[in-house]
Each structure stands twice: as C-alpha cells, then as structure tokens.
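Reviewing the structure listed below.
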Amino acid sequence: MTTVAITGVGGFIGRGLVRALDEHAEVDRVVGVDLVAPRRVNATKLVFRQADVRDRDLAEAFANVDVVVHLAFRLDPMHDESTMHEINVEGTKRVFEAAAAAGVGRVVYLSSVAAYGAHADNDVPLTEDSPVRGTPEFNYSQHKAEIEQWLPGWQGDHPDVRVTVLRPAIVLGPGVQNFVTRAFESPRVTLVRGHKPPLQFVHLDDIVSALVHVLDHDLDGVYNVTAEGWLSMDEVTAIVGRRTVAVPEEVAFSVAERLWRLGIGEQPPGLVSHFMHPWVASPEKLLATGWQPRHSNRDALAEMVTEHGRFVALAGLRAERRTVRSASLAAIGVVAVTAAREVRRRQQRQRRAAR
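Residues in the sequence shown are numbered consecutively from 1279, following my numbering.
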C-alpha cells in the first residue's frame, strides 16, 4: 500500500487527484498539504496537514510518505514578483529538499508546456527534448523553466529520489478559473496582427488521469500531457464566440506593459508572445505508455465556454453578461482613477526634480 502526499491539495487539480486516489485500491492514505483545507472534498483517506511550501520544517509534513505530488504553484501573475518567485521557485526547491530529508522515494512535479516558452523558432510540435527556455516577462513561464533547469543538478545530488515531470498544456475543466479563463471572458479577444499561433488544451480530468497513470506505471522522466493535436486560432475564436481585435505587435506589448505597470492588467507583457508564437506540444511519449486523453482540444474548450459564457471579464473585474454594462462602467472608473493618480505622481516628481 502507498501513501501519497499532495502539495496544493486545495487547488482544482489537487481536489481532483484526491478524489481519484480515494478510490484507488493501492493507495491507503493521502496527505494533503496546503494553507487551507480543500473544500467540497469528501475523501475518507485524506489527512490534511496545514503547511506552506516555504516552511523550513516542511519535511515533517512528508513523514512516512512514499510519493510526493507537487502541485502547489502560483499561476495567476503577481505584481509582487519577488513574492511570486519565492512561492514558485524557492517553494518548489524546498519541497524537493523536504522530500529527500523525509526519505520520500519519489517526487512527481507538475510543470507546464509554458516552460518551453513561446518563441518564433519553437519546434511544432514541441517534444520533451525541445529546449526549456521560458518566456521573457512572463513570470509563471520563467519560474517553470527555472525549476526544470535546476532539477537535473538536484537529481544528480539525490540519486535515491526518483523524479517524474509532467508538462500539461492549458488546463480547462469544471471549476477552473484563473487569468487564462478570464482572458477568454473578455468582450473581445485581442490578437497580434500578422500572428495566429495554434493553441492546445488538456481537460482537468485528463491531467488527473495522467497523474494517476504515472503513479500506477512507476514512470520516471519528463512527459508532455496534452490533448492530441491542437486548434488553429480561428477555430479557438469561433468556439469562444467573442469578437476579435488585431493590433500591431508594438501596440500589444506597449498596452500590456503599461496596464501591468499601473497594476490594472492581470496579464504580464510577456504573455503577448503566447499569442504570437507556437508553443504546442506532442503527447506521443506518454501515449506510448498507454495513457489516453478522453477529451479533445475542442471538447475541453467548448466545455469552458459553456461554463464561462455567461461571464464577461474587464480589467480584472468579472460580471455576468446581464450586468456587463455596469461592470464596464466600473472597470472604466478603476482605469481612469488609477491612471489619474499615476499622472499626478509623475507631475509631482517632475516639479520636485525642477526645484
């Protein structure tokens, strides 16, 4: 029998994995590690241990654990980038060190296809042997890449700990809500003129089944986890059903940078690259081990549209379509007030400098 610890157990993937392992005949105990216990999870095998991945005594949470599945990672970008780096990068390193200190034999780390970065010269599709470069000015992508670049050295120093790395595409499914889904809730989907890269998704149920699969089959190494194939940008926008607006590259980056700097935008400037360059991956390596996704790219995206279609997101605000007019006015007000404050601060600095 096996004891599995899950960091980030309160997240949507963590909750799904708890439910799957609670029904697994070979798993006798699931140790959930997070700041807050998962909600709406009725699992008899779950033992919750409140902890932060940045805690120095994290090894105590992994006592008598056979496998650690590390899911805890900040996806939604933070304007406090040092804190986000501490959570994502330093926290992940601490999880690996704590697992080794506790005598855990195996760590399964959930990385991301975003670790490859969105680059004009990317392979199409990317394979597990493609370079992991991250995307400049997109902290989530950079953090995933930084961990993967650090990991081989750590593995060399800890040969007794087996490591599995999964790189999922954009995860969509019931209850998934983040800056990615909110981008598709915008009244208009902003594209970069002259660029229409394909996009790729994986359903929440399929990423959970992939995690269970690598545990069941004792798989080490790196695996992409995606639906088979991908969708063209035209197919994506047709399914989403929102109007599109194409802007020049320099305008897209300039507006994104300004909104991000003012603290208004949810999306860092580097994310623009993901609407310019391809970053789709091949799941063939994992498929060859017997794993099979149950949902296509189209199915995953269509399900997201069904769940989120009644919402409209503006400048970080989210409302149902029937109240979108009020939400739009509120968003405009937030932008105007914040921009006015920034202008006043600049004028004050200029006056002080002129004295």
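For every residue, glycine included, the Cβ atom is placed at its ideal position computed from N, Cα and C.
From the options, pick the residue whose C-alpha is nearest to that of residue i; which is it?
| i | options | result |
| --- | --- | --- |
| residue 1578 | 1560, 1416, 1514 | 1514 |
| residue 1359 | 1539, 1576, 1571 | 1539 |
| residue 1571 | 1456, 1490, 1344 | 1490 |
| residue 1563 | 1287, 1414, 1506, 1436 | 1506 |
| residue 1325 | 1331, 1343, 1334 | 1343 |
| residue 1373 | 1469, 1399, 1401, 1432 | 1432 |
| residue 1288 | 1350, 1300, 1332, 1346 | 1350 |
| residue 1478 | 1546, 1444, 1575 | 1575 |
| residue 1378 | 1303, 1459, 1439 | 1439 |
| residue 1345 | 1365, 1492, 1357 | 1492 |
| residue 1327 | 1319, 1318, 1297, 1338 | 1338 |
| residue 1561 | 1518, 1332, 1403, 1320 | 1403 |
| residue 1498 | 1567, 1423, 1341, 1468 | 1567 |
| residue 1302 | 1380, 1318, 1517, 1322 | 1322 |
| residue 1473 | 1552, 1412, 1411, 1437 | 1552 |
| residue 1480 | 1340, 1394, 1508, 1460 | 1508 |
| residue 1565 | 1469, 1405, 1412 | 1405 |
| residue 1371 | 1394, 1428, 1353 | 1428 |
| residue 1464 | 1569, 1309, 1352, 1521 | 1521 |
| residue 1281 | 1341, 1512, 1450 | 1341 |
| residue 1528 | 1541, 1436, 1548, 1519 | 1548 |
| residue 1541 | 1459, 1355, 1308, 1318 | 1355 |
| residue 1407 | 1441, 1398, 1445, 1537 | 1445 |
| residue 1471 | 1459, 1400, 1554, 1496 | 1554 |
| residue 1380 | 1436, 1353, 1398 | 1436 |
Going by DSSP, what residue range makes up the alpha helix (DSSP H) through residue i?
| i | result |
| --- | --- |
| residue 1421 | 1417 to 1435 |
| residue 1291 | 1290 to 1300 |
| residue 1514 | 1511 to 1518 |
| residue 1562 | 1562 to 1565 |
Is the CB-CB distance between residue i and residue j below 8 angstroms?
| i | j | result |
| --- | --- | --- |
| residue 1409 | residue 1476 | no |
| residue 1385 | residue 1348 | yes |
| residue 1448 | residue 1389 | no |
| residue 1503 | residue 1530 | no |
| residue 1376 | residue 1336 | yes |
| residue 1291 | residue 1500 | no |
| residue 1418 | residue 1396 | no |
| residue 1415 | residue 1546 | yes |
| residue 1311 | residue 1329 | yes |
| residue 1294 | residue 1482 | yes |
| residue 1457 | residue 1581 | no |
| residue 1300 | residue 1279 | no |
| residue 1466 | residue 1523 | yes |
| residue 1573 | residue 1484 | yes |
| residue 1332 | residue 1369 | yes |
| residue 1387 | residue 1296 | no |
| residue 1421 | residue 1357 | no |
| residue 1412 | residue 1423 | yes |
| residue 1517 | residue 1583 | yes |
| residue 1585 | residue 1452 | yes |
| residue 1461 | residue 1569 | no |
| residue 1511 | residue 1469 | yes |
What residue does the beta strand (DSSP E) around residue i start on, and which one ends it?
| i | result |
| --- | --- |
| residue 1384 | 1384 to 1388 |
| residue 1284 | 1280 to 1285 |
| residue 1521 | 1521 to 1525 |
| residue 1307 | 1305 to 1312 |
With DSSP as the reference, please indicate the residues paired to residue i in a beta bridge.
| i | result |
| --- | --- |
| residue 1579 | BP columns for residue 1579 are empty, so no partner. |
| residue 1559 | 1404 |
| residue 1503 | 1446 |
Only counting runs of 3 or more residues, tell me where the beta strand (DSSP E) segments fall wholly within the region 1426 to 1501, in order along the chain.
1440 to 1446, 1448 to 1450, 1466 to 1470, 1479 to 1481
Scan the region 1315 to 1393 and note each continuous alpha helix (DSSP H) run of 4 residues or more that stays entirely inside, going in chain order.
1359 to 1363, 1369 to 1379
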